[in-house]
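For reference, the structure is listed below as structure tokens.
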Amino acid sequence: MIETERLILRGWRGDDAAAHHAMCSDPAVMAYLGPAPSLADSAAVVARQNATLADYGACFWALERGDTGAFIGWCGIKPGPIGTPIEGEPEIGWSLVREHWGQGYAREAAEAALAWGWRELSLPTVWAITVPANQSSRALMERLGMGRVIDGDFDHPKLAENDALRRHILYRIDRPAYV
Numbered sequence: 000m001i002e003t004e005r006l007i008l009r010g011w012r013g014d015d016a017a018a019h020h021a022m023c024s025d026p027a028v029m030a031y032l033g034p035a036p037s038l039a040d041s042a043a044v045v046a047r048q049n050a051t052l053a054d055y056g057a058c059f060w061a062l063e064r065g066d067t068g069a070f071i072g073w074c075g076i077k078p079g080p081i082g083t084p085i086e087g088e089p090e091i092g093w094s095l096v097r098e099h100w101g102q103g104y105a106r107e108a109a110e111a112a113l114a115w116g117w118r119e120l121s122l123p124t125v126w127a128i129t130v131p132a133n134q135s136s137r138a139l140m141e142r143l144g145m146g147r148v149i150d151g152d153f154d155h156p157k158l159a160e161n162d163a164l165r166r167h168i169l170y171r172i173d174r175p176a177y178v
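Those letters in the sequence shown? Residues 0 to 178, per numbering that gives the first Met the number 0, in order.
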């Protein structure tokens, strides 16, 4: 578990599946992620992230507000997707319930996840991927100090050739010297 001034990044609980499903039922949340998962798919996300946490020591953790305990999304580091340029490499990612956008939660969580990754996993580099149109995530990546890998664009292998979200861009950040 990671705690910040306002947030808790933690392993997933069974009841998080319903909250994840509700978050992903918002078309704005899923605009750059693809189709909304079913409740069973969200339960599978919970199981998969907890398995990743057990095997890797980190995952895309459930994200909750420290003051209310409310589930507000996910953020963390996990091995990159199979078939992508970052397969098996540390990937940072995040997604928040829309009502919590624009309040600095994603940045706070991502900074905490990066600091944890540098300290606990001694990661040399952390990667991030998104679609070119996702300006909000791209801006956060840049605020975190990540740089775009210009020759790193790729087609995500899990998406159909005609899927508008297939093309992805790649960002990276190297371990700071001060860590």
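A virtual CB, placed ideally from N, CA and C, is assigned to each residue, including glycine.
One alpha carbon belongs to D152, the other to H167, and they sit about 6 Å apart. Assignment of T51 by DSSP, reduced to helix, strand and coil, places it in the helix class.
Counting along the chain, C74 sits inside the beta strand (DSSP E) bounded by residues 70-78. Between P80 and the set R171, V96, E90, the nearest pair of CA atoms involves E90. With 16 or more other Cβ atoms from the protein chains shown falling within 10 Å of its own Cβ, P36 counts as buried. In terms of Cβ geometry, W93 and G65 do not form a close pair [threshold 9 Å]. Rounded to whole angstroms, the separation of the alpha carbons of R142 and W115 is 18 Å. Between the stretch 42-50 and the stretch 8-20 there are three or more C-beta pairs closer than 8 Å, enough to call the two in contact.
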